[in-house]
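Everything on this sheet refers to the single structure shown next.
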Amino acid sequence: MRALSVQIFSSLPLFLFLTSFKLLATASPAPSPQSPAPAHGPPPPTPSSLPHRILAGVPVVDTPIVRDAQAFAKTYSPGAYNHIMRCWLWGVLHLQHNATLAAQVDLEVHAVGLMLHDIASEHNLSHPFVSPNRRFEVDSAIAAASFIRSHPDGKNWPDWRVQRVWDGIALHAEPKFTLYKEPDVFAIYWGNELEFSYGRPGGERKGITEEERNRVLIEFPNDGGGPGGAGPNTGLLWFIAWYCKYKPESTYDNWMQSYGDVVPGYSPVGHRLYDGALATAGVNVTGLVQ
Ligand SMILES: *[C@@H]1O[C@H](CO)[C@@H](O)[C@H](O)[C@H]1NC(C)=O
Ligand SMILES: *[C@@H]1O[C@H](CO)[C@@H](O)[C@H](O)[C@H]1NC(C)=O
Ligand SMILES: *[C@@H]1O[C@H](CO)[C@@H](O)[C@H](O)[C@H]1NC(C)=O
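Here the sequence shown stands for residues -27 to -1, 1 to 263, numbered as in mature numbering (1 follows the signal peptide of the UniProt record, and there is no 0).
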């Protein structure tokens, strides 16, 4: 295990220190950044002041931390890489089609958040960021905050920027919270959501045209693998059912639970929030509320 870790880390840029990942291996509570986002914090860099490059026909922000986040995603999320890149681009296209929202979003927070939103989603319990029990969104948020804090530029980010990345990643599958949070946070949600919603009858498109979408799909094909993959052994059902099978504790009380229907032997009974107290009291809950 130690030799393995050294091998992994030696292939990374020097700025990644082993120490910053030590805490990831434990099952202790998530070290989320402590300070709340200030109401009048330092403003993010104005979008036009940041360098850009063209990717799949889309102008995307191009700074060292954004480039390094992409390399980090490729190294640690090979299975979800194309999905991740598409989500970033769906997110950027969403902003391009809504100038009001674009003016409220920090492009580096948005890029890092979307590219690292599934950094701990690999179906691999030996993966350095995958815990045995935490939700994959939380594992990903912790790894992303750690990446930022270990980065020469990220070190200087005020806490509220790290917090927005953390929240955007941890809540990226929880619209009932996310949609009421800061634009940085719900813009990250939409980048991922458009991957699934766009092709659904009546789904959201946020102004993205078929032509724009096709350019992204040519650059980062949806050819199986990852949560957005197509095919019998791919796609979201298959992707999430893995957590029900191998990290069941992370699934019983939330949106992932129903994906367990396709996993033989999986049952939330006994793990539901009410099971403990009522079972102890001997209450028969069937038909409790008429
Ligand atoms: C654009 O974004 C703003 C700010 O989030 C939102 O209020 C507005 O509804 C959006 N416009 C469209 C057309 O979606
Ligand atoms: C799982 O992760 C470990 C540690 O990063 C790695 O050595 C191994 O190759 C991975 N297994 C698969 C099937 O990708
Ligand atoms: C629980 O209540 C239901 C509905 O009233 C009843 O059919 C069932 O037999 C009860 N189960 C037990 C273990 O008493």
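In this text, a Cβ means the ideal position worked out from N, Cα and C, and glycines have one as well.
Please read these numbers as outputs of a predicted model, since none were measured by experiment.
For the candidate residues Ser94, Asp226, Tyr232, Glu168, whose alpha-carbon lies nearest to that of Gly64? Looking at the Cα atoms, Glu168 is the closest of the given residues.
Let me make sure I understand the geometry here. Which of Val189, Asp196, Thr73 has the alpha-carbon closest to that of Asp157? Of Val189, Asp196, Thr73, the residue nearest in Cα terms is Thr73.
Within the same chain, show all residues whose beta-carbon is closer than 6 Å to that of Phe193, passing over the 5 residues directly before and after it, in chain order. Asn55, Met58, Arg59, listed in sequence order.
For Ile181, three-class secondary structure by DSSP: Here Ile181 sits in coil by DSSP.
Of the listed residues Phe150, Ala84, His124, Ile142, nearest to Arg26 (C-alpha basis): The shortest C-alpha separation from Arg26 is found at Ala84.
When the Cα atoms are used, what is the spatial distance from Ala44 to Val258? Cα to Cα, the separation comes out at about 51 Å.
Applying the 10 Å Cβ sphere with the 16-neighbour rule, what's the burial state of Lys47? Classification for Lys47: exposed.
Residues around ligand 3, please: the condition is that the C-beta lies closer than 6 Å to some non-hydrogen atom of it. With 6 Å as the limit, the residues whose C-beta approaches any heavy atom of ligand 3 more closely are Asn257, Thr259, Gly260, in sequence along the chain.
For the beta strand (DSSP E) containing His67, name the first residue and the last one. It is not in any beta strand (DSSP E) - His67 instead sits in the alpha helix (DSSP H) that spans 54 to 69.
DSSP three-state assignment for Leu210, whether helix, strand or coil: In the structure shown, Leu210 sits in a helix (DSSP, three-state: H, G or I).
For Tyr216, count the other beta carbons within 10 Å of its own beta carbon; 16 or more makes it buried, fewer makes it exposed. Which is it? Tyr216 should be labelled buried.
Between the C-alpha atoms of Val78 and Ala160, what's the straight-line distance to the nearest angstrom? Cα to Cα, the separation comes out at about 8 Å.
Could you tell me which residues DSSP puts in a beta bridge with Pro32? Pro32 is bridged to Ile27.
Would you mind stating whether Ile92 and Ala75 have Cβ atoms separated by less than 8 Å? Cβ atoms of Ile92 and Ala75: not closer than 8 Å.
Have a look at Ala(-1) and Tyr247 and give me their C-alpha separation to the nearest angstrom. With a pLDDT of 39 at Ala(-1), under the threshold of 50, the modelled position of that residue is not reliable, and the figure given next carries that caveat. A direct Cα-Cα distance of roughly 24 Å separates Ala(-1) from Tyr247.
For Ser119, the nearest candidate out of Asn106, Phe109, Phe102 (CA to CA): Of the listed residues, the one whose Cα sits closest to Ser119 is Phe102.
For Arg186 and Tyr171, believed in contact at Cβ under 8 Å, the rounded distance: The pair is a contact, with the Cβ atoms about 7 Å apart (cut-off 8 Å).
Might you give, ordered along the chain, the residues of its own chain that have their beta carbon closer than 7 Å to the beta carbon of His244, omitting 5 neighbours on each side? If we look at His244 and ignore the five residues flanking it on each side, its Cβ neighbours are Tyr225.
When you measure from the CB of Asn97 to every non-hydrogen atom of ligand 2, does any distance come out below 7 Å? At least one heavy atom of ligand 2 is found less than 7 Å from the C-beta of Asn97.
I'd like to know whether the C-beta atoms of Leu87 and Gly30 end up nearer to each other than 8 Å. No.
Is Pro105 near ligand 2, going by C-beta to nearest heavy atom under 7 Å? In this structure, the C-beta of Pro105 stays at least 7 Å away from each heavy atom of ligand 2.
How would you label Ala114, buried or exposed, when you count the other beta carbons within 10 angstroms and need 16 or more for buried? The residue is buried, with at least 16 neighbouring Cβ atoms inside 10 Å.
Give the single residue among Leu89, Lys149, Val39 whose Cα lies nearest to the Cα of Tyr49. A check of alpha carbon separations from Tyr49 across Leu89, Lys149, Val39 identifies Leu89 as the nearest.
What do you reckon, is the C-beta of Pro101 under 7 Å from a heavy atom of ligand 2? Checking every heavy atom of ligand 2 against the Cβ of Pro101, one is found closer than 7 Å.
Using C-beta distances below 8 Å, list every residue in its chain close to Ser8, excluding the 5 sequence neighbours before and after it, in chain order. Bear in mind that a pLDDT of 41 at Ser8, under 50, signals an unreliable position, so the number given afterwards is only what the model happens to contain. Cβ neighbours of Ser8 beyond the five flanking positions: Asp132, Trp133, Gln136.
Figure out for me which residue from Ile191, Thr182, Ser223 has the closest Cα to the Cα of His70. Looking at the Cα atoms, Thr182 is the closest of the given residues.
Can the beta-carbon of Val34 be found closer than 8 Å to that of Glu110? In this structure, Glu110 does not lie closer than 8 Å to Val34 by Cβ.
Can you name, in chain order, every residue of its own chain whose Cβ lies under 7 Å from the Cβ of Leu66, other than the five neighbours on each side? Excluding positions up to five away in sequence, the list reads Val31, Ile181, Glu185.
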